[in-house]
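Presented below is the structure to which this report refers.
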Ligand code: FE
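Below is the structure:
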C-alpha cells in the first residue's frame, strides 16, 4: 500500500491519467522520449492483450535521463525508451539501466543493435541517408556521405543542425571508419558546400529541397516517409550511400530496464513483447521504420525504398565517440 501511494505521488503530473484501482505489479511505468502518438497505440494493444497497464511519461531524452538520475532509487520508472543509440548509451553509462537476461531479445535483436552488457536493446531501425531533388540531381551523381564534401556540391547541400543527436551519432560512426583527420576534412567540405544555414529538423530540410533552396541533404528515412505519405509525388528521392564501402548509417529506437525498476519482470515482459513479430509490425510501421525483428513485414512505404547495405558496426560506438564527433563538428564550423 505504501509503495502504491508513493507511486501515485510520483506519477502525479504525468501525462496519462493514473488509474487508482490497479494494484502494483499489474502495470509497467515507462519513461519515453519516443513520442506519445507512436507509443500510445502500441501500449493500448499490450494492455488489451495482457491486461497489464502501461503508465508512461514522455519528454526529451536528455531531461528524462537527468530525471532518472536525480530520482535514483525512488524512480517510478521500470523501462526507459528512447531514440538513438547515443541516448541509450548515455543512460547505460550513467548506471541507469540494468543488464537483462533474455533469450527472446538475444534471438531477435541483432548484436550490433544491443548493448554488449544487455542494458538496452533496439526495437526499430531508421536509416540516416541521402536525399536529393529529383528535378536537379541524378542518383548516379551521388555516391557516399564523404562525397557530399566534393566541390561539385558547393551551394547545393542542406544539413540539419549538428546539435541533434542523429547527426552526432552519424558523425561518430563515420569517425570510427575514417579517423579524425579525414572526418574533419569531410565536415569542413560539408560546411563549405552549405546552401543555407543548418535546419532545425529533417522535414524543414526536405522542404528546402522542394523549394529549390538546395539539391541534396541527409535525413532519417521516416521523415521522408511522412512527406511521401502526404504527397506521393514529392520531388525528393532517397539514395543509399556507401554501398560499396561502410554501408548506410542506421540508428534505432530502443529501450532498457531501469536499475531501480520496481517491476523488472513486468518491464521485461513488455520489452520482449515489443520485440516479437506481432508487435513489431505496429511498432515500426506506425513511424515508417524498419522492424528490428527481421521476420517482420515492412510497411509498404518503407518497402518502396528498396533494400540496402547497412553499416553493421556496433551502435554503442555512436555513444562512445559522440563527444569526439561533437568536437570535430565544432572545429569544422558545423553549427
Ligand atoms: Fe526523429
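Numbering (my numbering), first residue to last: 2 to 336. Cβ coordinates follow ideal geometry from the N, Cα and C atoms, glycine included. Because the structure is a prediction, the values reported are computed rather than measured.
Hey, would you say the C-beta of residue i is under 7 Å away from at least one heavy atom of the ligand FE?
i           : result
residue 303 : no
residue 221 : yes
residue 172 : no
residue 53  : no
residue 84  : yes
Apply the 10 Å Cβ neighbour rule to residue i and answer buried if 16 or more other Cβ atoms are within range, or exposed otherwise.
i           : result
residue 182 : exposed
residue 2   : Low local confidence applies: a pLDDT of 43 at residue 2 is under 50, so the model's placement there is unreliable, and no value is given.
residue 73  : exposed
residue 250 : buried
residue 328 : exposed
residue 226 : buried
residue 298 : exposed
residue 35  : buried
residue 238 : buried
residue 168 : buried
residue 116 : buried
Work out the CA separation of residue j and residue i for me, nearest whole Å.
i           : j           : result
residue 189 : residue 203 : 21 Å
residue 97  : residue 121 : 11 Å
residue 184 : residue 177 : 9 Å
residue 277 : residue 65  : 26 Å
residue 261 : residue 93  : 13 Å
residue 213 : residue 264 : 52 Å
residue 248 : residue 56  : 38 Å
residue 280 : residue 151 : 43 Å
residue 303 : residue 54  : 31 Å
residue 334 : residue 192 : 7 Å
residue 142 : residue 231 : 27 Å
residue 127 : residue 224 : 10 Å
residue 197 : residue 156 : 8 Å
residue 312 : residue 246 : 9 Å
residue 84  : residue 103 : 21 Å
residue 200 : residue 160 : 6 Å
residue 135 : residue 50  : 45 Å
Rounded to whole angstroms, how far is the Cβ of residue i from the Cβ of residue j, which I believe are closer than 8 Å?
i           : j           : result
residue 323 : residue 123 : That belief does not hold up - the Cβ atoms of residue 323 and residue 123 are roughly 17 Å apart, past 8 Å.
residue 80  : residue 287 : About 18 Å separates the two Cβ atoms, so there is no contact after all.
residue 130 : residue 222 : 6 Å
residue 283 : residue 69  : Actually they do not touch by this definition, with Cβ atoms about 26 Å apart.
residue 316 : residue 271 : Contact flag wrong, Cβ pair sits at about 22 Å.
Please name the residue, chosen from the options, that lies closest to residue i on a Cα-to-Cα basis.
i           : options            : result
residue 153 : 318, 195, 95, 81   : 195
residue 162 : 174, 274, 206      : 206
residue 62  : 136, 166, 114, 309 : 166
residue 209 : 113, 172, 158, 321 : 158
residue 236 : 41, 140, 28, 70    : 140
residue 39  : 50, 106, 58        : 58
residue 229 : 95, 89, 174, 306   : 306
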